[in-house]
Ligand SMILES: Cc1ncc(COP(=O)(O)O)c(C=O)c1O
């Protein structure tokens, strides 16, 4: 059947092939340990589940919501203030989303015209490339390389690129490279955006999954950030609510208004019980968030230690639910991923699926219980692929 040129440009072929291979092996009865997709395996806190259960039982909760409630907007503003010291006007500077992915896709349709230039990280979480491409824009990839701790060097962007670019998309703590920045980086980002009249989208989906006492900053903590950009955040990872599809964007009111308008053509707002559960998450006790982070920290330690002990040199990230690991012995990452699935049953994601600079890496998600991660290390050791 005919497919649009647009769709062909954003093929997710590698990810689909990995999923198909996993299914094929499972059908043959193979034990598979899936460390590919970053979907949290831990449940939301009990008070969030209770709120959701109560709200689902109310017959009045089944209409279109159109947008998020004032209560939700206020809860986000309060959470941002408590966590980052950032003051937000709930009406104009907070917008609810059906997950941050939805917002990242739609904002491109709201702000970009065909031929516009967008500066994006490489490797990147796929929507940072797919969003602009679906809007007909062109990409200028910023290489994230180990020599710079997988943080882009803004001063290396050619002036003609910076002057032409309309939008820049960044994400710290980052997926897939698991790199982090301090507030100084965001200061230089705001300065850069002002100098070249670029709008910034910062995705802070992993702001709460950080380790060893590190607290990732918000882009909005920089004075003047709200004049140049917005930040996306999500309840998916912070509160283990990925399947609920609830997130938000905060910051520049004009950008948020444009996003709200484009959304008005495609969705009718998040399900009210989910909004209520999100309010319970944002305004309730935050110790469960810290417990979730320390659980991931334990898993990180276990896997990093385990893989290094079998000769796979991987470094320990300060945040996110991922290890970004160089493929041993310089093997091709796609080939290695398939060989690893065949020989060990462990599923990871090949780095080249995230962009040209992901080549030679795989992303390993810490989304299985500790016993399974230990088992994964044993199976990888036995695969004969690490030597
Ligand atoms: C960096 C990043 N941003 C956004 C998302 C999407 O999150 P949501 O569930 O809020 O759409 C993900 C999901 O894995 C992610 O890794």
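In the working numbering, the protein residues as written are 10 to 396. No residue lacks a Cβ here, since even glycine has one placed at the ideal position from N, Cα and C.
For chain C, find out if any of its Cβ atoms is closer than 9 Å to the Cβ of residue 337; answer yes or no.
Although the question refers to chain C, the structure presented lacks it and comprises just one protein chain.
Can you tell me which of 265, 191, 163 and 192 puts its alpha carbon nearest to the alpha carbon of residue 210?
Here residue 210 corresponds to residue number 201 of the chain shown, with the count starting at 1. That would be 265, whose Cα lies nearest to the Cα of residue 210.
Kindly examine ligand 1 and report whether one of its heavy atoms sits closer than 8 Å to the Cβ of residue 214.
The residue given as residue 214 occupies position 205 in the chain shown. Yes - ligand 1 has a heavy atom lying nearer than 8 Å to the Cβ of residue 214.
Could I get the ranges of all uninterrupted beta strand (DSSP E) runs contained in the stretch 235 to 323, with 3 residues as the minimum, in chain order?
238 to 243 and 256 to 260
List, from N- to C-terminal side, the alpha helix (DSSP H) runs of 4 residues or more that fit wholly inside the stretch 146 to 181.
168 to 173
Cutting at 7 Å between CB atoms, please list the residues of its own chain near residue 272, excluding the five before and the five after it.
Walking along the chain shown from the start, residue 272 turns up at place 263. Excluding sequence neighbours, residue 272 sits near 115.
I want to check one thing, is the minimum distance from the CB of residue 241 to the heavy atoms of ligand 1 below 8 Å?
Taking the chain shown and counting its residues from 1, one reaches residue 241 at position 232. Residue 241: yes, Cβ under 8 Å from ligand 1.
What does a CB cutoff of less than 7 Å around residue 282 pick up in its chain, not counting 5 residues either side in sequence?
As a first step, residue 282 must be located in the chain shown, where it is residue number 273. Result list for residue 282: 61, 64, 65 and 70, in chain order.
Count Cβ pairs between the stretch 373 to 393 and the stretch 306 to 326 that sit closer than 8 Å; are there 3 or more?
yes
For residue 230, which residues from the same chain have a beta carbon less than 8 Å from its beta carbon, with the 5 sequence-adjacent residues on both sides left out?
Position 221 of the chain shown, counting from 1, holds the residue named residue 230. Excluding positions up to five away in sequence, the list reads 93, 94, 95, 192 and 195.
Anyone know if the C-beta pair for residue 103 and residue 284 falls short of 9 Å?
Start at 1 with the first residue of the chain shown, and residue 103 comes out as number 94. Start at 1 with the first residue of the chain shown, and residue 284 comes out as number 275. No. Outside cutoff.
For residue 378, count neighbouring C-beta atoms within 10 Å of its own C-beta (all shown protein chains included) and say buried if the count is 16 or more, exposed if not.
Stepping through the chain shown from its first residue, residue 378 is reached at position 369. Under this definition residue 378 is an exposed residue.
Just to confirm, are residue 375 and residue 309 a CB contact at a threshold of 9 Å?
For the purposes of this step, residue 375 is identified with residue 366 of the chain shown, where counting begins at 1. For the purposes of this step, residue 309 is identified with residue 300 of the chain shown, where counting begins at 1. Yes, Cβ-Cβ distance for residue 375 and residue 309 is below 9 Å.
Taking 8 Å as the line, does the beta carbon of residue 244 fall inside it for any heavy atom of ligand 1?
For the purposes of this step, residue 244 is identified with residue 235 of the chain shown, where counting begins at 1. True, at least one ligand heavy atom lies under 8 Å from that Cβ.
Which residues share a DSSP beta bridge with residue 194?
For the purposes of this step, residue 194 is identified with residue 185 of the chain shown, where counting begins at 1. Answer by DSSP bridge pairing: none, since residue 194 is not bridged.
Quick check: residue 107 and residue 256, are their CB atoms within less than 9 Å of each other?
Locating residue 107 in the chain shown gives position 98, where the first residue counts as 1. Locating residue 256 in the chain shown gives position 247, where the first residue counts as 1. In contact: residue 107 and residue 256 (Cβ atoms closer than 9 Å).
Is the stretch 320 to 330 in contact with the stretch 213 to 224, if contact means three or more CB pairs nearer than 8 Å?
yes
For the stretch 183 to 232, which segments carrying the alpha helix (DSSP H) assignment without a break, of at least 4 residues, lie completely within its bounds, in sequence order?
192 to 205
Classify residue 75 as buried or exposed, calling it buried when 16 or more other Cβ atoms lie within 10 Å of its own Cβ.
For the purposes of this step, residue 75 is taken as the residue at position 66 of the chain shown. Exposed, by the Cβ-count rule.
Between 67, 182 and 125, which lies nearest to residue 226 when the distance is taken from Cα to Cα?
Within the chain shown, the letter at position 217 stands for residue 226. If we check each option's Cα against that of residue 226, 182 comes out closest.
Short Cβ contact (9 Å threshold) for residue 275 with residue 51:
If you number the chain shown from 1, residue 275 lands on position 266. If you number the chain shown from 1, residue 51 lands on position 42. Cβ distance not < 9 Å, so residue 275 and residue 51 don't count as in contact.
Would you identify the three-state DSSP class for residue 131, choosing helix, strand or coil?
If you number the chain shown from 1, residue 131 lands on position 122. Residue 131 falls in the strand class under three-state DSSP.
Just to confirm, does residue 111 get its C-beta within under 8 Å of one of the non-hydrogen atoms of ligand 1?
Taking the chain shown and counting its residues from 1, one reaches residue 111 at position 102. Indeed, a heavy atom of ligand 1 lies less than 8 Å from the Cβ.
Close-in-space but distant-in-sequence residues of the same chain around residue 83 (CB under 6 Å, 5 per side omitted)
Residue 83 sits at position 74 when you count from the first residue of the chain shown. So the qualifying residues of the chain are 99.
Okay, do the stretch 350 to 364 and the stretch 172 to 180 touch, 3+ Cβ pairs below 8 Å being the bar?
no
Going along the chain, which unbroken runs of the alpha helix (DSSP H) with 4 or more residues stay wholly within the stretch 11 to 89?
14 to 18, 22 to 36 and 55 to 65
Alpha carbon of residue 338 to alpha carbon of residue 369, nearest angstrom
The sequence position of residue 338 within the chain shown is 329, counting from 1. The sequence position of residue 369 within the chain shown is 360, counting from 1. C-alpha separation (whole angstroms): 10 Å.
DSSP beta-bridge partners for residue 331?
Along the chain shown, one-based indexing puts residue 331 at 322. The partner list for residue 331 (beta bridge, DSSP) reads 374.
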